[in-house]
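Right, one structure below, let's go through it.
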Amino acid sequence: MAKTLVIVESPAKAKTIEKFLGKSHYTVKASVGHVRDLPKSKLGVDIENNFEPKYINIRGKGDVIKGLKKEAKKAKRVYLATDPDREGEAISWHLAHILSLDENENCRIEFNEITKEAIKKAIKNPRNIDINLVDAQQARRVLDRLLGYQISPILWQKVRKGLSAGRVQSVTTKLICDREKEINEFIPKEYWTIDLGAKTESGEGINLKFYGKNNKKMDLENESDVNNILEHIKDKDLFVESMESKTRRKSAPKPFTTSMLQQESANKLSFTTKKTMMIAQELYEGIDIDGEGTVGLISYIRTDSKRISEEAKEKAKSYILDELGDKYYKNNSEKKESKNNKKVQDAHEAIRPTSVERTPDSIKASLSKDQYKLYNLIWRRFVASQMEDSVFDIININCNMGEVIFKATGSTMKFDGYTKVYNFTEREDKILPKIEKGDILNVEDIIPDQHFTQPPARYTEASLVKTLEELGIGRPSTYAPTIATILNREYVEKQGTSLHPTELGIVVTNILESNFQKFIDVDFTANMENQLDAIEEGNTNWKDVVSEAYEPLKEAIEVAIESIEKINMDEETDEICENCGENMVIKYGRFGKFMACKNYPECKTTKPLVNKIGVKCPKCEEGDIILRKSKKGKAFYGCSNYPECDFISWNKPTGEKCKICGAYTVEKTTKAGTEFVCSDKECNKSNK
Numbered sequence: 253m254a255k256t257l258v259i260v261e262s263p264a265k266a267k268t269i270e271k272f273l274g275k276s277h278y279t280v281k282a283s284v285g286h287v288r289d290l291p292k293s294k295l296g297v298d299i300e301n302n303f304e305p306k307y308i309n310i311r312g313k314g315d316v317i318k319g320l321k322k323e324a325k326k327a328k329r330v331y332l333a334t335d336p337d338r339e340g341e342a343i344s345w346h347l348a349h350i351l352s353l354d355e356n357e358n359c360r361i362e363f364n365e366i367t368k369e370a371i372k373k374a375i376k377n378p379r380n381i382d383i384n385l386v387d388a389q390q391a392r393r394v395l396d397r398l399l400g401y402q403i404s405p406i407l408w409q410k411v412r413k414g415l416s417a418g419r420v421q422s423v424t425t426k427l428i429c430d431r432e433k434e435i436n437e438f439i440p441k442e443y444w445t446i447d448l449g450a451k452t453e454s455g456e457g458i459n460l461k462f463y464g465k466n467n468k469k470m471d472l473e474n475e476s477d478v479n480n481i482l483e484h485i486k487d488k489d490l491f492v493e494s495m496e497s498k499t500r501r502k503s504a505p506k507p508f509t510t511s512m513l514q515q516e517s518a519n520k521l522s523f524t525t526k527k528t529m530m531i532a533q534e535l536y537e538g539i540d541i542d543g544e545g546t547v548g549l550i551s552y553i554r555t556d557s558k559r560i561s562e563e564a565k566e567k568a569k570s571y572i573l574d575e576l577g578d579k580y581y582k583n584n585s586e587k588k589e590s591k592n593n594k595k596v597q598d599a600h601e602a603i604r605p606t607s608v609e610r611t612p613d614s615i616k617a618s619l620s621k622d623q624y625k626l627y628n629l630i631w632r633r634f635v636a637s638q639m640e641d642s643v644f645d646i647i648n649i650n651c652n653m654g655e656v657i658f659k660a661t662g663s664t665m666k667f668d669g670y671t672k673v674y675n676f677t678e679r680e681d682k683i684l685p686k687i688e689k690g691d692i693l694n695v696e697d698i699i700p701d702q703h704f705t706q707p708p709a710r711y712t713e714a715s716l717v718k719t720l721e722e723l724g725i726g727r728p729s730t731y732a733p734t735i736a737t738i739l740n741r742e743y744v745e746k747q748g749t750s751l752h753p754t755e756l757g758i759v760v761t762n763i764l765e766s767n768f769q770k771f772i773d774v775d776f777t778a779n780m781e782n783q784l785d786a787i788e789e790g791n792t793n794w795k796d797v798v799s800e801a802y803e804p805l806k807e808a809i810e811v812a813i814e815s816i817e818k819i820n821m822d823e824e825t826d827e828i829c830e831n832c833g834e835n836m837v838i839k840y841g842r843f844g845k846f847m848a849c850k851n852y853p854e855c856k857t858t859k860p861l862v863n864k865i866g867v868k869c870p871k872c873e874e875g876d877i878i879l880r881k882s883k884k885g886k887a888f889y890g891c892s893n894y895p896e897c898d899f900i901s902w903n904k905p906t907g908e909k910c911k912i913c914g915a916y917t918v919e920k921t922t923k924a925g926t927e928f929v930c931s932d933k934e935c936n937k938s939n940k
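For the sequence shown, the numbering used here gives the first residue as 253, with consecutive numbering after it.
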């Protein structure tokens with residue numbers, strides 16, 4: 253008996269879905285991603301014929317395509333079940349072409365989660381291929397190809413081979429370069445604070461901060477301002493003028509969108525965006541759970557929407573009422589969702605667990621360590637989104653010393669609310685001593701302190717994703733591959749969690765800014781996303797959008813080829829060539845930087861690049877500390893005498909010793925900036 257053929261993208265997903273549908277009536281096969289695309293070896297877009305794309309079957313996919321054709325020929329019906337987004341729609345469209353299916357027939361099914369109920373519901377509700385979604389993806393693909401394949405060769409010719417430019421990646425690199433420029437041009441501004449240490453009549457301590465004079469807030473800009481205040485408060489009593497008590501509520505965060513998941517997993521779990529999406533894909537496609545078999549644990553992972561279904565809300569409500577009690581459930585039925593001017597892809601829900609009853613701890617044994625961490629984050633965020641606010645009692649105390657005002661603030665959690673489930677930081681109540689209006693406090697310490705304003709922080713992966721989303725650059729599904737690309741191209745490097753532009757990244761960005769300014773402009777890139785949305789909605793023809801964007805590019809390319817001068821990226825070093833005596837230079841090759849003789853091609857001496865940091869090894873005291881990279885591309889520091897000396901450090905050694913314990917010290921990058929700390933963790937703990 254002929255079966256129904258269902259085609260999905262990944263083998264893991266095929267295995268899960270075939271189990272739900274049953275092998276007796278259904279065959280489920282995987283296309284293993286895209287089957288047709290533009291050719292890699294040439295432009296693949298007929299510019300003269302209204303930007304008609306020239307798709308070909310992807311090299312290496314011959315056996316997959318042959319197998320799908322064979323299965324389709326003997327099937328009574330074919331359903332295309334690729335991902336529910338633009339790219340998934342385009343893959344279904346290409347599959348329909350290869351398998352000679354009528355795209356106007358109901359051959360397309362979609363689902364937001366890989367569960368038995370969702371799959372069977374999708375099978376009962378097939379639809380035709382949405383050509384507007386396909387056209388939006390075609391516009392993106394063709395435009396990116398035109399930019400990449402016509403600007404990149406100019407970079408190969410003028411800088412070095414292997415470079416690339418792209419509509420989203422180049423703007424992202426520019427953001428990081430612009431931030432570095434801001435940091436370099438930043439001029440610190442002096443400011444001061446004054447802290448008071450005081451005690452009540454009963455001997456309880458309280459700390460207060462300077463606020464201002466004469467009921468007005470005042471900034472202390474220099475030491476003269478501070479001395480003026482100190483003179484005013486000299487020999488004066490600290491008088492409690494007023495106390496204000498208020499209650500504040502903090503609402504639960506919404507369920508995860510793709511970008512928020514990437515940000516939170518970076519901040520809470522220290523995952524890269526690439527790692528987050530890889531693990532999320534595993535959770536979505538299906539995990540073999542003890543006692544259940546393979547099942548998708550979370551809903552579709554590429555979404556801009558914060559919406560969740562009524563069914564999912566009801567399940568969360570039941571869980572909260574049964575496990576936590578009535579007081580923890582928040583009835584959101586009358587609460588209106590805030591409107592966002594930016595269009596969101598609201599076809600599917602926010603990221604949530606497919607079953608709230610499947611708690612993280614109940615399936616922990618079936619998950620890897622990282623899968624558990626991410627599922628735990630998603631599950632808790634979803635449950636918390638349906639929970640009551642947390643409530644705090646806030647107390648503000650205003651004191652004066654003549655006309656000078658000092659303030660203290662205390663807070664106590666009154667009700668934990670959603671934080672009972674979603675709380676990844678330790679919080680301590682700041683409890684103030686019992687004080688009454690009119691009390692006089694005994695001043696024990698007056699601590700003036702000089703500070704300087706700090707430059708803006710460098711981007712981390714989390715803050716970069718947040719900025720890209722706020723500016724409307726790219727889509728959630730593009731953030732992880734974009735960041736991976738600019739790191740792999742060595743336009744950007746990671747130091748700790750911070751993203752720094754490389755010299756190469758700055759050079760390429762300067763060339764693109766000078767010659768293709770429009771195409772790496774934030775507004776142009778964001779507006780293009782709006783245009784793609786308009787195509788998806790059926791309001792604009794995709795070829796018109798491409799044509800409008802391409803015209804100025806064509807002119808810019810012609811000018812750039814003539815005007816851009818060749819840039820020599822070789823860096824001369826003090827290292828002398830052992831064969832001819834000339835200086836060695838640092839060159840870029842296929843596999844990164846290496847040393848070569850300046851006298852090339854007469855002298856062809858080359859050697860690996862040894863990146864010394866000017867510090868002797870603290871272990872053997874003979875070798876030099878060298879900056880190296882792990883297999884995953886993470887920077888670390890090791891001894892040049894390896895393997896005889898096995899010294900290794902993830903943080904940069906300074907060459908100095910700790911004044912307390914004598915161990916070597918290192919530079920450590922934190923959110924607050926760079927600090928010098930002892931390498932001995934026990935010494936750090938005991939001397940904080």
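Cβ atoms here follow ideal geometry from the backbone N, Cα and C, with glycine treated the same way.
Inter-residue spacing [alpha-carbon to alpha-carbon] between E927 and R710: 15 Å
Where L576 falls: helix, strand or coil (DSSP): coil
Cα-Cα separation between M512 and K520, rounded to whole angstroms: 12 Å
Close-in-space but distant-in-sequence residues of the same chain around A266 (CB under 7 Å, 5 per side omitted): V260, V280, K281, A282
Residues of its chain near V929, where Cβ-Cβ distance is below 7 Å and the 5 sequence neighbours each way are ignored: T917, V918, K920, N936
Delimiting residues of the beta strand (DSSP E) encompassing R501: 490–502
Close-in-space but distant-in-sequence residues of the same chain around K971 (CB under 7 Å, 5 per side omitted): The first residue shown for the chain is 253 and the last is 940, placing residue 971 beyond what the model contains.
Outcome for T482 when other beta-carbon atoms lying within 10 angstroms are tallied against a minimum of 16: In the sequence as presented, Thr is not what sits at residue 482; that position holds Leu. Flag for L482 reads exposed.
C-alpha gap between N820 and I446, whole angstroms: 53 Å
Closer than 6 Å: E453 CB and nearest the ligand FAD heavy atom: The ligand FAD is not among the ligands present in this structure, which contains no ligands whatsoever.
Cut-off 7 Å between Cβ atoms - residues of its own chain near S517, not counting five sequence neighbours on either side: F523, T528, L626, L629
Residue from K255, L573, V330, N694 with nearest C-alpha to T452: N694
Nearest-angstrom beta carbon gap, M653 and D430 [assumed within contact, 8 Å]: No, D430 and M653 are not in contact; Cβ-Cβ is about 45 Å, not under 8 Å.
Terminal residues of the beta strand (DSSP E) in which D447 lies: 442–451
Beta-carbon proximity of P753 to E434, cut-off 7 Å: no
With 16 other Cβ atoms within 10 Å as the buried cut-off, status of I406: buried
Continuous beta strand (DSSP E) stretch holding R880: start and end: 876–881
Rounded separation between Q597 and A388 - CA only: Residue placement at Q597 is poorly supported in this model, since its pLDDT is 45, which falls under 50; the coordinates are not used for a value here.
In chain order, each beta strand (DSSP E) run of at least 3 residues that lies wholly inside the segment 648–703: 656–667
Short Cβ contact (7 Å threshold) for S642 with D668: yes
Spatial neighbours of K659 in its chain, beta-carbon cut-off 8 Å, leaving aside the 5 residues before and after: L460, K461, Y463, N648, I649, N650, C651
Under the three-state DSSP convention, the category Y894 falls into: coil
Beta-bridge partners of L257, as assigned by DSSP: T279, V330
Nearest-angstrom Cβ-Cβ length linking K441 and T705, presumed shorter than 8 Å: 4 Å
Assumed close pair T268, T546 - CB separation to whole angstroms, cut-off 8 Å: 5 Å
Inter-stretch contact at 8 Å, needing at least 3 Cβ pairs: the segment 767–779 / the segment 808–824: yes
Distance, C913 Cα to K933 Cα: 11 Å
Start-to-end residues for the alpha helix (DSSP H) that takes in L784: 774–788
Residue burial classification, G757 (beta-carbon count within 10 angstroms, cutoff 16): buried
Beta carbon of R500 nearer than 7 Å to that of I646: yes
Per-residue DSSP class, three states only, for M530: helix
Inter-residue CB distance, G548 and I299 (contact presumed, cutoff 8 Å): Not quite, the Cβ-Cβ distance comes to about 43 Å (not below 8 Å), so this is no contact.
Cβ separation of Y580 and R633, assumed to be a contact under 8 Å, to the nearest whole Å: In fact, because the Cβ distance is near 15 Å, the residues do not count as touching under 8 Å.
Candidates G907, E696, G312, V635: closest to L576 by CA position: V635
Beta-carbon contacts of S416 that lie in its chain and below 7 Å, excluding the five residues immediately before and after: G400, S404, R741
Of the residues C832, K881, I657, S715, the one placed nearest T857, counting alpha carbons only: C832
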